[in-house]
Each structure stands twice: as structure tokens, then as C-alpha cells.
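Take the sequence shown: its position 47, counting from 1, is numbered 37 in the working numbering, and each next residue is one higher.
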Amino acid sequence: MYIIIDRLVKPLLFLAALLMLTISASFADHHQTSPSFAEVQVTSNILMLQGKGGNLALLSGDQGLVLVDDDYQEMSAALTDVIVGKGGLDKLTYIINTHWHGDHTQGNLALGDHATIVAHDNVRTRLLSAQEVKLFNMKSEPYPEQALPSVTYKKSLSLHINDEHVELIHLANGHTDGDSVVFFRKANVVHMGDHFFNGTFPFVDVGTGGNVFTLTDNIAKVLGLIDEKTKLIPGHGPLADKQDLQDFHTMLVATSSTVKIMAEKGKSLEQIQAAGLGAQWNSWAKFFSEEVWISIIHSSL
Ligand SMILES: [Zn+2]
């Protein structure tokens, strides 16, 4: 009798436990309606913020706050909370946009009134008119004046604040046509923008001036400007170091040359996708599939 009950009760208990788990999981989901940022302390005065879109950097100090990228519009309330916690919107001095994409610039709409927005010339030009990323069917409307970069530059620009030298360097035709890589010279920290997706095949926006082969050359340039102690904030993915960027570069060189060689032999995009890049790159298909990555390389040829 005991055995029969045990056989009945155990599965029932298991079902009950499963039900409780399901209920508590959906309860948790229900309460996750207000998004927030995960904070990674990079140095004593630089934070990496991870929300829904691209990674952000926040430099704090007596003279004010410098924000690199500002995520999607839906994250603006959470971002405002972070800034209030660091001294308030009055302390926000500069916002740097590493490129025009909405997951890095939509926060301009809420925060643009409080800070000077700085970016490459081409970011302002693109945000002045409607833009589109065909691969994701993503459309963006022209930004209003207060959400546009008011300080723009062509090759490089330096900001001096909080005893820090913040240097923006334009790397041409990488992820887009208006990318900035942001060097915090004294802290030895670099915000890479979307030139760097850490540990995953990247998106390269060929439709707005990006190119996989130029991006690869640009990464080689950055590798020559940093050292083993440099901390790298990628556009997407976890905080990185020089070795991670080196690995990314190795992947870029190998996969792009594989596609190039096959295309030169007369293979079509579909044939290259069917042949694949080789099993050693399987673990890089985190954000984008190998198929999508091959099509991005192919469109860069
Ligand atoms: Zn991007």
C-alpha cells in the first residue's frame, strides 16, 4: 500500500513543484515590466551599462558625466534613474554617439536637452533624415533638433573633463560610415562602438557605409593602439580585453577570406552558405547565424 501511495504521490508532488515553478516564473515575468541596466564597474570612475541595445559607458567625476551611447527609447527611464543616482541630469555634460543606430542613439530623444551630443559628421547627417536597416526591417524617422549631435567632427576629437582625456577617433567604413572609437586615455579604457561584437559574428551595416573588409583593417589598427591592460567595452557582448579583440580579428580574417576565395571561384552566395565556414567558427553564431554572417561578408565584396 505504501509503495502504491509513494508511486502516486511522488509524481503528484513533482507536478505540484513544477506548477509552483511555472507560477513563480510567470509571476516574475509579470514583475519584469520595467527594464533596468546591469552595471559593470570598469574602473573607479567608469561604468559599463548593459540594457537592451548596445553597451554604454558612463564616466563620472567632479566636472560632470560623460555618457557613451544611450540605448533604445524604452530604456530612457531606466537610464535617467542611473544618471540621477550618479548626481542628476544637471551633471550630464556630454553624450557621445558611436554611430547612428537606434540601439545606441534613441536615448538622445529624452536626454538631448540635458547634454551636448557629440558624434562623427555622418551620424548627424544620417539622423537628420529617415534611415533603414533592411536586414532587420528596421526604420528610423528623422531626429528632432535637440536629439541631434550638435558637435561633430571629421577625423578625431578630444574632450578634457574629470582629469580624463576622452579621444574620439573615426574609423572609416567599418560598422557604418560614421563610427567613433572612444579612448579614455588615462583610464586605459576603450568603448569600441559596434566595431566589436565580443565573441559573436557581428552585424556590419553595409547599407549605410559599413564593410567587413575595412572593419577588419580598422580592428588591426586598434590592436596597435592598445595594450594587454586595456579594458574594452564592446558594442555588444561582455567586457573584453586585447586577447578577445585579437580573437575577433582572427575570426574576421579567416571567415571573410573563406567567403572571398569561394566567390572568386565563381560560387554563388547560396553555394557558399551551403558549403559553410568550417566547424571551428560554430561557437561564434550567437547573435547571428553563419548564414547571415556569410551574406554580410558577401555583400561587402
Ligand atoms: Zn550598430
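Note that CB positions come from ideal geometry on N, CA and C, so glycine has one too.
- Rounded to whole angstroms, A105 and N152 show a C-alpha spacing of 16 angstroms.
- With contacts defined as CB atoms closer than 8 angstroms, G168 and N127 fail to qualify as a contacting pair.
- Within the stretch 177 to 201, the complete beta strand (DSSP E) segments at least 3 residues long are 179 to 181, listed from N- to C-terminus.
- The DSSP assignment places complete beta strand (DSSP E) segments of no fewer than 3 residues inside the stretch 29 to 57 at 36 to 40 and 46 to 49, in order along the chain.
- In the three-state reduction of the DSSP assignment, S146 falls in the strand class.
- At a threshold of 7 angstroms, G225 counts as near ligand 1, since its beta carbon sits closer than that to one of the ligand's heavy atoms.
- F191 and E280 have their C-alpha atoms spaced approximately 8 angstroms apart.
- The set of residues with a C-beta under 7 angstroms from any non-hydrogen atom of ligand 1 comprises G44, H89, H91, D93, H94, H165, T166, D184, F193, D195 and G225, given in chain order.
- Contact annotation, N98 with D60: C-beta distance approximately 6 angstroms; criterion of less than 8 angstroms satisfied.
- With fewer than 16 other CB atoms across the displayed protein chains lying within 10 angstroms of its CB, P228 is exposed.
- In the assembly as shown, E154 is a buried residue. Its beta-carbon has 16 or more other beta-carbons within 10 Å.
- Look at H94 here: in three-state DSSP terms it is helix.
- Using a 10 angstroms sphere on the CB of T240, the tally of other CB atoms stays under 16, which defines it as exposed.
- Beta-bridge partners assigned by DSSP to T106: Y84.
- According to the DSSP secondary-structure assignment, E122 is paired through a beta bridge with K129.
- For H89, the secondary structure class from DSSP, reduced to helix, strand or coil, is coil.
- Taken through DSSP and simplified to helix, strand or coil, E135 comes out as helix.
- In this structure, L161 keeps its C-beta atom at 8 angstroms or more from the C-beta atom of V172.
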